[in-house]
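Chains as they are written, first to last, in my numbering: chain A, 7 to 290; chain B, 133 to 333.
The structure appears right after this line, and notes come after that.
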């Protein structure tokens, strides 16, 4: 999603006039970028009389089409891409586990999980892998539905790759899960709990603390466990969880946690990388 | 409301009865149990079943047909249920989780530990009991001694653990409040009371 950072940095200056998001230099989009783009467009559509996106080549527009981007935004965003010719292409791709989906309430989540679980099972994912992917998706969707209330709700997408795309490309398989909401953000949510005042000085402070077990905006016992467990699932699999909100971003790996200051994100964004568990070799 | 095929109640002894609630079946059940709202619906059905049991009864919560139980569901359905049971909301009725030792337990364990609670777990009804969740270290030996004995008076338990009667009673009372053991009060001559502790399963 880094290639959208200049756009996030400039989004606050949009004053009602037409705006074009220039994505012509973008050569690769993954679920994180897709969800980030959706959240950014929602932000801009509310503040601009006309929003456009400029795309180059065929790969990025084709991916956006395959992931249902133009179905969700085609009527609201102007584009230079020839969407009609893309629609004629075969849409099915085995790596697409969940196209870009927009949802608002917790009641929609079981249906989302049922569908992706069925796709994973049909594609030969083992029970343990299906459980990890579905657990991650359900928890981050539930957080977005509960804490991320906004005019557009939240966007999620899931994609499987036959190579590792997080960091330098290398052999292996990886599933990427991403979600973006337009809610008040992690710092504001945790600020509702007076006991957390010392942990909400900056966005990065709040993000780091939100990843601890039992930390929540309500302070109720039993709350605030989902995100910590999701981070644990990602770390144990050799992957990562990245949590971004406001001007903070924290990424959790198996043995370390990185924080960075980033351009303001209008809501909360989560990206989870789950490298696939290698199949055990059958004894000869 | 859960369909009758999900719940069956049968007397296991003259004074103890048990019911079985299969999470994967019934109106809200399935292989994939996610979200707090689903957990809440299941908990309400569990509470209804628990309330219908006679005092001293045990409800087996069978999760073996479930493939995925996320933390939100586990906390809402089982964490809060165990919390309310420990606060005495369901009277002298006990909960036992029926589940094998597999990954699914991780979220139940996390929820119960967050709440400093525990549940008795068996692989199958009639199987050997174990604990999921958190039991304070100083109570583990007491719990183990009660389960080893099956049924034991406070005096005998105190002697076995080399504790005075009051300390022993305090520990066992805490275990009874957590719902991990059954406690019977009997009248003992002259005019006194004697506590007997029993394993739940």
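A virtual CB, placed ideally from N, CA and C, is assigned to each residue, including glycine.
Given the structure is predicted, the values throughout are model-derived calculations rather than measurements.
With a threshold of 8 Å between beta-carbons, can residue 167 of chain B be considered close to chain A, or not?
Residue mapping note: residue 167 of chain B aligns to position 35 of the second chain, counting from 1. Yes, because at least one Cβ of chain A sits closer than 8 Å to the Cβ of residue 167 of chain B.
Would you tell me roughly how many angstroms separate the C-alpha atoms of residue 139 of chain B and residue 177 of chain B, rounded to the nearest one?
On the second chain, residue 139 of chain B is found 7 positions in, with the first residue counted as 1. On the second chain, residue 177 of chain B is found 45 positions in, with the first residue counted as 1. Model confidence at residue 139 of chain B stands at a pLDDT of 41, short of 50, so the residue's coordinates are unreliable and nothing is read from them.
Determine whether the Cβ of residue 190 of chain B lies closer than 8 Å to any Cβ atom of chain A.
Numbered from 1 along the second chain, position 58 holds the residue referred to as residue 190 of chain B. By this cut-off, residue 190 of chain B is not an interface position.
Beta carbons nearer than 7 Å to chain A: which residues of the stretch 215-247 of chain B have them?
Along the stretch 215-247 of chain B, going in chain order, the ones with a CB nearer than 7 Å to a CB of chain A are 235, 239, 242, 243, 246 and 247.
Mind listing the chain A neighbours of residue 207 of chain B? Cutoff is C-beta to C-beta under 7 Å, in chain order.
Here residue 207 of chain B is taken as the residue at index 75 of the second chain, counted from 1. Against chain A, the beta carbon of residue 207 of chain B has neighbours under 7 Å at 228 and 231, listed in chain order.
Can you tell me whether DSSP reads residue 105 of chain A as helix, strand or coil?
Position 99 of the first chain holds residue 105 of chain A. In the displayed model, residue 105 of chain A falls within a strand according to three-state DSSP.
With a CB to CB cut of under 8 Å and the five nearest residues on each side skipped, what residues in its chain are close to residue 263 of chain A?
Position 257 of the first chain, counting from 1, holds the residue named residue 263 of chain A. If we look at residue 263 of chain A and ignore the five residues flanking it on each side, its Cβ neighbours are 214, 217, 256 and 257.
Would you give the residue range spanned by the alpha helix (DSSP H) that residue 122 of chain A belongs to?
If you number the first chain from 1, residue 122 of chain A lands on position 116. Annotation: the continuous alpha helix (DSSP H) that includes residue 122 of chain A extends over 115-128.
Check whether residue 99 of chain A and residue 161 of chain A have beta carbons under 8 Å apart:
In the first chain, counting from the first residue as 1, residue 99 of chain A sits at position 93. In the first chain, counting from the first residue as 1, residue 161 of chain A sits at position 155. In terms of Cβ geometry, residue 99 of chain A and residue 161 of chain A do not form a close pair [threshold 8 Å].
Taking DSSP's pairing of strands, which residues face residue 165 of chain A in a bridge?
Residue numbering aside, residue 165 of chain A sits at position 159 when the first chain is read from its first letter. Residue 165 of chain A pairs with A:102 and A:182.
Within chain A, partners of residue 200 of chain B - CB distance below 7 Å:
Taking the second chain and counting its residues from 1, the one referred to as residue 200 of chain B is at position 68. By Cβ distance, chain A contributes 137, 140 and 141.
Tell me, please, which residues DSSP counts as bridged to residue 281 of chain A.
What you label residue 281 of chain A is simply residue 275 of the first chain in a count that begins at 1. Bridge partners of residue 281 of chain A: A:180.
Look up residue 249 of chain A in the DSSP assignment and say whether it is helix, strand or coil.
By 1-based counting over the first chain, the position of residue 249 of chain A is 243. Strand.
At which residues does the beta strand (DSSP E) containing residue 263 of chain B begin and terminate?
Counted from its first residue, the second chain places residue 263 of chain B at position 131. Start and end: 261-265.
Min CB distance residue 73 of chain A to chain B below 8 Å:
Position 67 of the first chain holds residue 73 of chain A. Not an interface residue.
Out of A:153, A:211, A:145 and A:209, which has the shortest C-alpha to C-alpha gap to residue 184 of chain A?
Locating residue 184 of chain A in the first chain gives position 178, where the first residue counts as 1. Measuring from the Cα of residue 184 of chain A, the nearest candidate turns out to be A:145.
From residue 242 of chain B to residue 68 of chain A, what does the alpha carbon distance come to, in whole angstroms?
As a working mapping, residue 242 of chain B is identified with position 110 in the second chain. As a working mapping, residue 68 of chain A is identified with position 62 in the first chain. The C-alpha of residue 242 of chain B lies about 42 Å from the C-alpha of residue 68 of chain A.
For chain A, is any of its Cβ atoms less than 8 Å away from the one on residue 211 of chain B?
Indexing the second chain from 1 puts residue 211 of chain B at position 79. Chain A contact via Cβ: present.
In angstroms with no decimal places, state the Cα-to-Cα distance between residue 321 of chain B and residue 225 of chain B.
Along the second chain, read from residue 1 onward, the residue named residue 321 of chain B stands at position 189. Along the second chain, read from residue 1 onward, the residue named residue 225 of chain B stands at position 93. Their backbone Cα atoms lie some 28 Å apart in a straight line.
Should the stretch 45-57 of chain A be called in touch with the stretch 19-26 of chain A, which here means at least 3 C-beta pairs below 8 Å?
When Cβ pairs closer than 8 Å are counted between the two stretches, the stretch 45-57 of chain A is seen to touch the stretch 19-26 of chain A, the count reaching three or more.
Contact set for residue 266 of chain A: own chain, Cβ-Cβ below 6 Å, skip 5 residues either direction:
Working through the first chain from its first residue, we reach residue 266 of chain A at position 260. Closer than 6 Å at Cβ, skipping near neighbours: 255.
Kindly give me the distance between the Cβ atoms of residue 166 of chain B and residue 115 of chain A, rounded to whole angstroms, as I take these residues to be in contact under 8 Å.
By 1-based counting over the second chain, the position of residue 166 of chain B is 34. By 1-based counting over the first chain, the position of residue 115 of chain A is 109. Taking a contact as a CB-CB distance under 8 Å, the pair residue 166 of chain B and residue 115 of chain A counts as one, their CB atoms being some 6 Å apart.
Is it true that the CB of residue 164 of chain B sits closer than 8 Å to the CB of residue 227 of chain A?
Along the first chain, one-based indexing puts residue 227 of chain A at 221. Along the second chain, one-based indexing puts residue 164 of chain B at 32. The Cβ atoms of residue 227 of chain A and residue 164 of chain B lie no closer than 8 Å to each other.
Residue 330 of chain B - partner residues in DSSP beta bridges:
The residue you call residue 330 of chain B lines up with position 198 of the second chain. Answer by DSSP bridge pairing, in chain order: B:283 and B:314.
List the DSSP bridge partners of residue 265 of chain A.
Position 259 of the first chain, counting from 1, holds the residue named residue 265 of chain A. Answer by DSSP bridge pairing, in chain order: A:256.
Return the residue from the list B:173, B:269 and B:332 that minimises the CA-CA distance to residue 159 of chain B.
Taking the first residue of the second chain as 1, we reach residue 159 of chain B at position 27. The candidate whose alpha carbon is nearest that of residue 159 of chain B is B:173.
Can you tell me the Cα-Cα spacing of residue 276 of chain A and residue 195 of chain A, whole angstroms?
Walking along the first chain from the start, residue 276 of chain A turns up at place 270. Walking along the first chain from the start, residue 195 of chain A turns up at place 189. If I take the Cα positions, the gap works out to 15 Å.
Coarse secondary structure for residue 238 of chain A, derived from DSSP in three states
In the first chain, residue 238 of chain A corresponds to position 232, counting from 1. Helix, per DSSP.
C-beta contact flag for residue 292 of chain B and residue 277 of chain B at 8 Å
Sequence index remark: in the second chain, residue 292 of chain B carries index 160 (1-based). Sequence index remark: in the second chain, residue 277 of chain B carries index 145 (1-based). Against a cut-off of 8 Å, the Cβ pair of residue 277 of chain B and residue 292 of chain B comes out as a contact.
Going by the DSSP bridge assignment, what does residue 222 of chain B pair with across the sheet?
Position 90 of the second chain, counted from the start, is the residue given in the question as residue 222 of chain B. DSSP links residue 222 of chain B through a beta bridge to no other residue.
What is the DSSP secondary structure of residue 153 of chain B, reduced to helix, strand or coil?
One-based indexing of the second chain puts residue 153 of chain B at position 21. It is a strand residue.
Could one say the Cβ of residue 170 of chain B lies closer than 8 Å to chain E's Cβ atoms, at least one of them?
This model lacks chain E altogether, as its protein chains are A and B.
Return the residues of the stretch 113-132 of chain A that lie within a Cβ-Cβ distance of less than 7 Å from chain B, sorted by chain order.
With the criterion set as a beta carbon lying under 7 Å from some beta carbon of chain B, the members of the stretch 113-132 of chain A are 113, 115, 116, 119, 120 and 123, in sequence order.
Determine the direct distance from the alpha carbon of residue 327 of chain B to that of residue 181 of chain A, and round the result to whole angstroms.
For the purposes of this step, residue 181 of chain A is taken as residue 175 along the first chain, with counting starting at 1. For the purposes of this step, residue 327 of chain B is taken as residue 195 along the second chain, with counting starting at 1. Rounded to whole angstroms, residue 181 of chain A to residue 327 of chain B spans 57 Å at the Cα level.
Residue range of the alpha helix (DSSP H) that includes residue 189 of chain B:
Translated into positions along the second chain, residue 189 of chain B becomes position 57. Bounds of any alpha helix (DSSP H) do not take in residue 189 of chain B, whose DSSP letter is neither H nor E.
What residues in its chain sit with their C-beta under 6 Å from that of residue 206 of chain B, if we drop five residues either side in the sequence?
Stepping through the second chain from its first residue, residue 206 of chain B is reached at position 74. Excluding sequence positions up to five before and after residue 206 of chain B, its CB lies within less than 6 Å of the CB of 239, 240 and 243, all in the same chain and listed in chain order.
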